[in-house]
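Residue numbers (our numbering): 334 to 744.
Glycine included, every Cβ here is placed at the ideal spot set by N, Cα and C.
No experiment lies behind these values; they were computed from the predicted model shown.
Listed below in structure tokens is the structure:
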């Protein structure tokens, strides 16, 4: 396919935008040939509104690039969801892990629900499942987002969840490679270091990625410095980790997606003009810049400069573009829209949620129907979203979701 240099670089970037108006993102596709987008809660007013927006984005992608776009989202389940309205509320990964003691197909069923409903909406790439092993109880960012603290359980459930997505031609993205479950720092805020040998990583963090029975379509990298493998670059920017380890040693042929370069782990340690270049040289296929137009342009312009000056060869660039286009032929093509039975999906999700309730110790006890139930949460969806929703009442959101009275309690 004959693409201009700008169109090729656009195929290797995923960008977000700040409003509910699709016209804003369509303008960026027209002017700068960006090839892929990510959705956040800030973009979504209703199911019908974002469905129309996605249709307009795809029209623009075909018009200005000749290639459909990857429409991506973080729709893990539980407290990490970007789409709330008119869609099934699914349990988070740890709840699925608990429910799997009663229903071995729980992860697969949830993956199918998510895949079916996202495809119906027009989303073709989900940044899920989380393949991190929650091996450190002090971890500030994974916790209940993980299926388990057992690597084999995570490996099995992640593959089942991913199979459900893949059946509806939605890309399943394992994250965060090599593993984010054993750190004590949130990479949204700073750069975590992990001083673990490769041999020890093989026994825990890497187990889901080495599953001999299943390989996901995509893997998202972690902004973590694995000192014993590469003491200069975090995984997202590390050729030793992405090219030498993931691609050559582990023979991964799928898409490699870098976590957002705007996160402080990267943006405080590297110039964004250089970070995007380092990522592509590491053989990352898709560079994610989720929020700020100015930062998106810094990354884009840095890559253009690197190609023109020979720091990134045209052969290297074309290899990354070809991998993206190969996956778009499978996942980004328009499919016949299937009917979604939201009522049935809600019932399945409810049953799995109920099966996840676990008594940690002691004997079962009756709960008085008049008892006050207190729920604790530290954020709505992710640190990346907090600034955009800081005035929202989390108690209201939880109360409406479970159809119960609510009131907020200050710390």
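- So, is residue 527 buried or exposed, given that buried needs 16 or more other C-beta atoms within 10 angstroms? buried
- Message: Looking at the secondary structure, which residues open and close the alpha helix (DSSP H) in which residue 617 lies?
- Response: That residue, residue 617, is in no alpha helix (DSSP H); it is neither H nor E in DSSP.
- Message: Can you tell me whether residue 666 is helix, strand or coil according to DSSP?
- Response: coil
- Can you tell me whether residue 643 is buried or exposed, with buried defined as 16 or more other CB within 10 angstroms of its CB? exposed
- Task: Please classify residue 601: is it buried, with 16 or more other beta-carbons within 10 angstroms of its beta-carbon, or exposed?
- Result: exposed
- Message: On the DSSP letters alone, give me the boundaries of the alpha helix (DSSP H) that residue 369 sits inside.
- Response: Careful: residue 369 lies outside any alpha helix (DSSP H), inside the beta strand (DSSP E) at 369–372.
- Item | For residue 542, three-class secondary structure by DSSP | helix
- Residue burial classification, residue 554 (beta-carbon count within 10 angstroms, cutoff 16): buried
- Cβ of residue 520 within 8 Å of Cβ of residue 598? yes
- State the start and end residues of the unbroken beta strand (DSSP E) segment that holds residue 553. 551–554
- Task: Please name the residue in 364, 337, 355 whose C-alpha comes closest to that of residue 630.
- Result: It is 364.
- Using the rule of at least 16 other Cβ atoms within 10 Å of the residue's Cβ for burial, across every protein chain shown, is residue 352 buried or exposed? Label assigned to residue 352: exposed.
- Item | Touching by the beta-carbon criterion (3+ pairs, under 8 Å), the stretch 425–440 and the stretch 393–404 | Three or more Cβ pairs closer than 8 Å define a contact, and the stretch 425–440 falls short of that threshold against the stretch 393–404.
- Which word fits residue 698, buried or exposed, when buried means at least 16 other C-beta atoms lie within 10 angstroms of its C-beta? Exposed: under 16 other Cβ atoms inside 10 Å.
- Item | Residue range of the unbroken beta strand (DSSP E) whose run includes residue 504 | 504–510
- Item | When 459, 428, 388 are compared against residue 347, the one with the closest alpha-carbon | 459
- Message: Comparing C-alpha positions only, which one of 358, 509, 536, 513 sits nearest to residue 590?
- Response: 509
- With DSSP run on the structure shown, which of helix, strand or coil describes residue 435? coil
- Message: Suppose contacts are defined by Cβ-Cβ distances below 8 Å. Is residue 387 in contact with residue 451 by that definition?
- Response: no
- Closer than 7 Å by C-beta to residue 610: which residues in its own chain qualify, once you throw out the five before and the five after it? Chain order, please. So the qualifying residues of the chain are 635, 636, 639, 644, 645.
- Message: Please state the DSSP three-state secondary structure of residue 673.
- Response: coil
- Item | residue 583 versus residue 674: straight-line alpha-carbon distance, rounded | 39 Å
- Query: Taking the DSSP output, what are the residues bridged to residue 526?
  - Reply: 558
- Query: What whole-angstrom Cβ distance do residue 620 and residue 632 have, given they're in contact under 8 Å?
  - Reply: 6 Å
- Quick one: what does DSSP say residue 487 is sitting in, helix, strand or coil? helix
- Within 10 angstroms of the Cβ of residue 720, are there 16 or more other Cβ atoms? Answer buried if so, exposed if not. Model confidence at residue 720 stands at a pLDDT of 46, short of 50, so the residue's coordinates are unreliable and nothing is read from them.
- Endpoints, the alpha helix (DSSP H) within which residue 600 is located: 597–600
- Would residue 706 be called buried (16 or more neighbouring beta carbons within 10 Å of its own) or exposed? exposed
- Return the first residue and the last residue of the beta strand (DSSP E) that residue 405 is part of. 403–406
- Grab me the residues of residue 338's own chain with a C-beta within less than 6 Å of its C-beta, minus the 5 sequence neighbours each way, in chain order. none
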